[in-house]
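Novice:
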Amino acid sequence: MSSPDVLIIGAGLAGLSCGRHLADAGVSFQIIEASDGIGGRVRTDEMDGFLLDRGFQVLFTAYPEAQRTLDYRALELKKFSSGAFSFFAGRMNKLVDPWRTPGGWGEAMRSDFGGFFDKMRILRLRSRLRTSSIDQIFKRPERSTKEVLVSAGFSEEFIHRFFRPFFAGILLDSELKSSSRMFEFVFKMLSEGDTAVPARGMGAIPAQIASHLPADSIRLNTHAESLHENELTLSGGEPLRARAIVVAADGPAAAHLVGEAEPASRSVTCFYYATEEPPVPHPMLVLNGDGAGPVNNFAVISQVAPSYAPAGKSLVSVTVLGTQQLTDQQLGGFIIAQMKNWFGPMAGSWRHVKSYRIPHAQPQQFPGALEPPKRPVRVRPGIYLCGDHRDNASIQGAMVSGRRAAEAVLADLSR
Ligand SMILES: Cc1cc2nc3c(=O)[nH]c(=O)nc-3n(C[C@H](O)[C@H](O)[C@H](O)COP(=O)(O)OP(=O)(O)OC[C@H]3O[C@@H](n4cnc5c(N)ncnc54)[C@H](O)[C@@H]3O)c2cc1C
1498 MSSPDVLIIG
1508 AGLAGLSCGR
1518 HLADAGVSFQ
1528 IIEASDGIGG
1538 RVRTDEMDGF
1548 LLDRGFQVLF
1558 TAYPEAQRTL
1568 DYRALELKKF
1578 SSGAFSFFAG
1588 RMNKLVDPWR
1598 TPGGWGEAMR
1608 SDFGGFFDKM
1618 RILRLRSRLR
1628 TSSIDQIFKR
1638 PERSTKEVLV
1648 SAGFSEEFIH
1658 RFFRPFFAGI
1668 LLDSELKSSS
1678 RMFEFVFKML
1688 SEGDTAVPAR
1698 GMGAIPAQIA
1708 SHLPADSIRL
1718 NTHAESLHEN
1728 ELTLSGGEPL
1738 RARAIVVAAD
1748 GPAAAHLVGE
1758 AEPASRSVTC
1768 FYYATEEPPV
1778 PHPMLVLNGD
1788 GAGPVNNFAV
1798 ISQVAPSYAP
1808 AGKSLVSVTV
1818 LGTQQLTDQQ
1828 LGGFIIAQMK
1838 NWFGPMAGSW
1848 RHVKSYRIPH
1858 AQPQQFPGAL
1868 EPPKRPVRVR
1878 PGIYLCGDHR
1888 DNASIQGAMV
1898 SGRRAAEAVL
1908 ADLSR
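Numbering (the working numbering), first residue to last: 1498 to 1912.
(1) For Ser-1799, name the three-state secondary structure that DSSP assigns.
(2) For Asn-1718, is the classification buried or exposed, using 16 other Cβ atoms within 10 angstroms of its Cβ as the cut-off for buried?
(3) Counting only runs of 3+ residues fully inside the region 1657 to 1709, write out the beta strand (DSSP E) ranges in chain order.
(4) Quick one: using the 10 Å Cβ neighbour count with 16 as the cut-off for buried, is Phe-1614 buried or exposed?
(5) Apart from the five residues on each side of it in sequence, which residues of its chain come closer than 7 Å, Cβ to Cβ, to Met-1679?
(6) Might you give, ordered along the chain, the residues of its own chain that have their beta carbon closer than 6 Å to the beta carbon of Gln-1835, omitting 5 neighbours on each side?
(7) Compute every distance between the C-beta of Ala-1903 and the non-hydrogen atoms of ligand 1, then say whether any falls below 8 Å.
(8) Can you check whether the CB of Ala-1721 is closer than 9 Å to the CB of Leu-1531?
(9) Please identify the residue among Gly-1546, Ile-1631, Arg-1621 whose C-alpha is closest to the C-alpha of Val-1850.
(10) Can you give me the Cβ contacts of Tyr-1881 inside the same chain, cut-off strictly under 8 Å, excluding the 5 residues immediately before and after it?
(11) Take every Cβ of the region 1524 to 1538, pair it with every Cβ of the region 1631 to 1642, and state whether three or more of those distances are shorter than 8 Å.
(12) Hey, is Arg-1517 close to ligand 1, as in C-beta under 8 Å from one of its heavy atoms?
(13) Grouping DSSP H, G and I as helix and E and B as strand, with all else coil, what is Lys-1576?
(14) Provide the residue(s) that pair with Ala-1581 in DSSP beta bridges, ordered along the chain.
(15) What's the C-alpha gap between His-1753 and His-1779?
(16) Could you pull out every residue in the same chain whose Cβ sits closer than 8 Å to the Cβ of Arg-1621, ignoring the five residues on either side in sequence?
(17) Just to confirm the assignment, what range does the beta strand (DSSP E) spanning Pro-1749 have?
(18) Have a look at Asp-1609 and Leu-1592 and give me their C-alpha separation to the nearest angstrom.
(19) So, using beta-carbon positions, are Gly-1879 and Ala-1895 closer together than 9 Å?
(20) Would you check if the distance between the CB atom of Gly-1553 and the CB atom of Ala-1796 is smaller than 9 Å?
(21) Just to confirm, are Pro-1749 and Pro-1736 a CB contact at a threshold of 9 Å?
(22) To the nearest angstrom, how far is it from the Cα of Gly-1512 to the Cα of Ala-1707?
(23) So Glu-1604 is in the alpha helix (DSSP H); what residue range does that whole segment cover?
(24) In whole angstroms, what is the alpha-carbon distance linking Pro-1769 and Asp-1909?
(25) Quick one: what does DSSP say Arg-1625 is sitting in, helix, strand or coil?
(26) Going by alpha carbons, who is nearest to Met-1589 out of Tyr-1569, Phe-1659, Pro-1599?
(27) CB-CB under 6 Å to Asp-1542, same chain, minus the five flanking residues each way: which ones, in chain order?
(28) Using 10 angstroms around the beta-carbon of Gly-1600, count the other beta-carbons present and answer buried if the total reaches 16, otherwise exposed.
(29) Less than 8 Å between the CB of Tyr-1805 and some heavy atom of ligand 1, yes or no?
(30) Exposed or buried, which one is His-1709 when buried takes at least 16 other CB atoms within 10 Å?
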């Protein structure tokens, strides 16, 4: 493409969303992407008939930006059952979501997972968050997630058995130090919609956004090395200029390009196993409620979306927080030992398919990181920033930041 008006660095959800808004406005752009594919942290590999998302992740269908821009029907979303299992006291314990489970109120009240007062507090938290807007949630005073749960009166036991592993799986923070704003936002999304994956894997989300972009607008395997004034230099030394440059790289890479301090990272490891039989026959998240062993949470993802595994096989997605110093063989040994404890000797026959270690899965979002909740997208004249580090670490945050950057570019170019 010759001399586009706008250069976008990064083809993750933020860069693609930015491109889509520019395309809708008829402004020419080119996306420069360092890797060999689009999607950034939301990619899916195919291997031996299995669909492997690069790290366990899900779409909350209540995300307003996703509702606005994605075609959910075309994504063929497959839903998790609401609620969760938590392993503690030597057995699986089911936490029922009474709002979404037929006959769930009786089952929830009879269940010995969580005392009566914890259940009542969930009810109160849910109704408070459903009547708060997302903007209101992101304006509330920030505290740690743990502080908010303790001050809401939840018992230490319920926090340990449910909130800790559940939100550690989402915020990648087992100590619940992350901002209460993020916790409340996620809780609101969980209570207002479904948790789902596209039938063809999470990578179908960026692919759908990219399908709205002009055919020649993405240049893969092209690394932006440096940015001086309004000139971009690629790794081979090629200079590129445009009226506007949008840096849509992940936080650490963006910081390098624009000369800001790097955000701290939350990291995660995901192991995939093929099994003959699903260890849990439900499309439900399973949590480590006693805290022993490396596995924080797992799901038989093929129970949620059968297309993730070839016929007759199941695919288990195991999440371990951090990137870990151990080799795959060593860490896999600890994982299988824990799974044998949960499911018996049959876990010994699980076949390791592949694993992913993701050093920068999300920017750290301790209290202060989301203040202001919408960080400026204009860096200096002609240079713009977007990415989950501008809004919040989520599909919603990345997509909103891309739209905000596009709106800023369009406003400035029309002056
Ligand atoms: C394992 C995992 C689980 C998650 N779980 C969830 C979840 O369940 N729900 C949810 O909402 N969110 C989840 N997230 C967060 C969500 O995926 C991210 O917040 C979002 O995808 C970030 O998008 P982005 O466009 O800001 O950044 P990225 O996806 O990181 O995109 C940045 C792109 O820029 C490219 N790039 C970087 N530097 C350069 C350069 N110099 N030159 C050219 N290109 C460059 C990169 O290759 C990349 O493609 C999860 C993330 C991970 C990793």
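In this text, a Cβ means the ideal position worked out from N, Cα and C, and glycines have one as well.
Specialist: This is what the structure gives:
(1) Locating residue 1799 in the sequence shown gives position 302, where the first residue counts as 1. In this structure, Ser-1799 counts as helix in the three-state DSSP scheme.
(2) Position 221 of the sequence shown, counted from the start, is the residue given in the question as residue 1718. Flag for Asn-1718 reads exposed.
(3) 1692 to 1695
(4) Locating residue 1614 in the sequence shown gives position 117, counting from the first residue. It is exposed - the Cβ of Phe-1614 has fewer than 16 other Cβ atoms within 10 Å.
(5) As a first step, residue 1679 is located in the sequence shown; it is residue number 182 there, counting from the start. Within the same chain, Met-1679 has close Cβ partners Leu-1668, Gln-1862, Leu-1867, Asn-1889.
(6) Locating residue 1835 in the sequence shown gives position 338, counting from the first residue. These residues qualify, in order along the chain: Gly-1790, Val-1792.
(7) Here residue 1903 is taken as the residue at index 406 of the sequence shown, counted from 1. False, no ligand heavy atom lies under 8 Å from that Cβ.
(8) Residue numbering aside, residue 1531 sits at position 34 when the sequence shown is read from its first letter. Residue numbering aside, residue 1721 sits at position 224 when the sequence shown is read from its first letter. Note that residue 1531 is Ala in the sequence shown, not Leu. Against a cut-off of 9 Å, the Cβ pair of Ala-1721 and Ala-1531 comes out as a contact.
(9) The residue labelled residue 1850 in the question sits at position 353 within the sequence shown. Out of Gly-1546, Ile-1631, Arg-1621, the CA that lies nearest to the CA of Val-1850 is found in Gly-1546.
(10) Within the sequence shown, the letter at position 384 stands for residue 1881. So the list reads Ala-1741, Ile-1742, Val-1743, Val-1744, Val-1874, Arg-1875, Ala-1902, Ala-1905, Val-1906, once near-sequence residues are dropped.
(11) no
(12) As a first step, residue 1517 must be located in the sequence shown, where it is residue number 20. Arg-1517: no, Cβ never under 8 Å from ligand 1.
(13) By 1-based counting over the sequence shown, the position of residue 1576 is 79. Of the three classes helix, strand and coil, the one that applies to Lys-1576 here is strand, per DSSP.
(14) As a working note, residue 1581 is residue 84 in the sequence shown. Per DSSP, Leu-1592, Leu-1782.
(15) Reading the sequence shown from its first residue, position 256 is the one you call residue 1753. Reading the sequence shown from its first residue, position 282 is the one you call residue 1779. Taking the straight line joining both Cα atoms gives about 44 Å.
(16) As a first step, residue 1621 must be located in the sequence shown, where it is residue number 124. Contacts found: Ala-1649.
(17) Residue numbering aside, residue 1749 sits at position 252 when the sequence shown is read from its first letter. No beta strand (DSSP E) contains Pro-1749, which is instead part of the alpha helix (DSSP H) from 1748 to 1755.
(18) For the purposes of this step, residue 1609 is taken as residue 112 along the sequence shown, with counting starting at 1. For the purposes of this step, residue 1592 is taken as residue 95 along the sequence shown, with counting starting at 1. Taking the straight line from one Cα to the other gives about 9 Å.
(19) Your numbering for residue 1879 matches position 382 in the sequence shown. Your numbering for residue 1895 matches position 398 in the sequence shown. Taking 9 Å as the Cβ cut-off, Gly-1879 and Ala-1895 do not qualify as a contacting pair.
(20) One-based indexing of the sequence shown puts residue 1553 at position 56. One-based indexing of the sequence shown puts residue 1796 at position 299. Going by the sequence as given, residue 1553 is Phe instead of Gly. A contact, by the Cβ cut-off of 9 Å.
(21) Within the sequence shown, the letter at position 252 stands for residue 1749. Within the sequence shown, the letter at position 239 stands for residue 1736. The answer is no: Cβ separation not under 9 Å.
(22) Taking the sequence shown and counting its residues from 1, one reaches residue 1512 at position 15. Taking the sequence shown and counting its residues from 1, one reaches residue 1707 at position 210. When rounded, the distance between both Cα atoms is 10 Å.
(23) Position 107 of the sequence shown holds residue 1604. Per DSSP, Glu-1604 belongs to the alpha helix (DSSP H) from 1601 to 1607.
(24) Taking the sequence shown and counting its residues from 1, one reaches residue 1769 at position 272. Taking the sequence shown and counting its residues from 1, one reaches residue 1909 at position 412. Note on residue identity: the sequence assigns Tyr, not Pro, to residue 1769. C-alpha separation (whole angstroms): 46 Å.
(25) As a position in the sequence shown, residue 1625 is number 128, starting the count at 1. DSSP, reduced to helix, strand and coil, places Arg-1625 within a helical segment of the structure shown.
(26) The residue you call residue 1589 lines up with position 92 of the sequence shown. When each option's Cα is compared against that of Met-1589, the closest is Phe-1659.
(27) Within the sequence shown, residue 1542 is the residue found at index 45, counting from 1. These residues qualify, in order along the chain: Leu-1549.
(28) Against the sequence shown, residue 1600 aligns to sequence position 103. The residue in question, Gly-1600, is exposed, as its Cβ has fewer than 16 Cβ neighbours within 10 Å.
(29) As a working note, residue 1805 is residue 308 in the sequence shown. No.
(30) Along the sequence shown, read from residue 1 onward, the residue named residue 1709 stands at position 212. His-1709 should be labelled exposed.
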